[in-house]
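Report on one structure; see the data block that follows.
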Amino acid sequence: MHEKTTTERPAEQQKQEQTTVQQMNAKQEEERTSKEISKEKLEEIVKGMNEFLQPSHTSLKFAVHEDLKEYYVQLIDDRTKEVVREIPPKKLLDMYAAMMKFVGLIVDRKI
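In numbering that gives the first Met the number 0, the protein residues as written are 0 to 110.
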């Protein structure tokens, strides 16, 4: 005589698993929305970093690239106000933005 075994899980275990899945989904959604920062918020953060460094006479300036909405750092000579170095270089960011725009034009025209 063969006994038929079932692999049914207790309702409590199923409920627990469902709650865990819902918590994971909520956490992923929260992480996704927290990564999306508005332009105004980004500019506010950059301004705050600049104000924080100003009293120490540190020659760093944080700036936001207009097209990419990415920030970069400028090392500035306090005496001459000349930009000594940019990290990453603004020219590189400009080239990347131009390439992205060009790629967008190619894709738009082929479709």
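Glycine included, C-beta positions come from ideal geometry on N, C-alpha and C.
Beta carbon of residue i nearer than 9 Å to that of residue j
i, j, result
"Tyr71", "Pro88", "yes"
"Leu74", "Leu59", "yes"
Alpha carbon of residue i to alpha carbon of residue j, nearest angstrom
i, j, result
"Met48", "Gln22", "34 Å"
"Lys100", "Asp66", "10 Å"
"Val102", "Lys38", "23 Å"
Contacts around residue i, its chain only, beta-carbon distance under 7 Å, and the 5 residues preceding and following it disregarded
i, result
"Thr5", "Any reading at Thr5 must be qualified, since the residue scores a pLDDT of 49, below 50, and its modelled position is unreliable; the value itself is stated next. Counting only Cβ-Cβ distances below 7 Å, and skipping sequence neighbours, we find nothing."
"Phe117", "Residue 117 lies beyond the range of the chain shown here (0 to 110); nothing can be said about it."
"Ile86", "Tyr71 and Val72"
Residue from the options with nearest C-alpha to residue i
i, options, result
"Glu42", "Leu52, Val63, Ser58 and Phe51", "Val63"
Per-residue DSSP class, three states only, for residue i
i, result
"Lys60", "strand"
"Leu41", "helix"
Residues near residue i in its chain [Cβ-Cβ closer than 8 Å; skip 5 each side]
i, result
"Ala96", "His64, Asp66 and Leu67"
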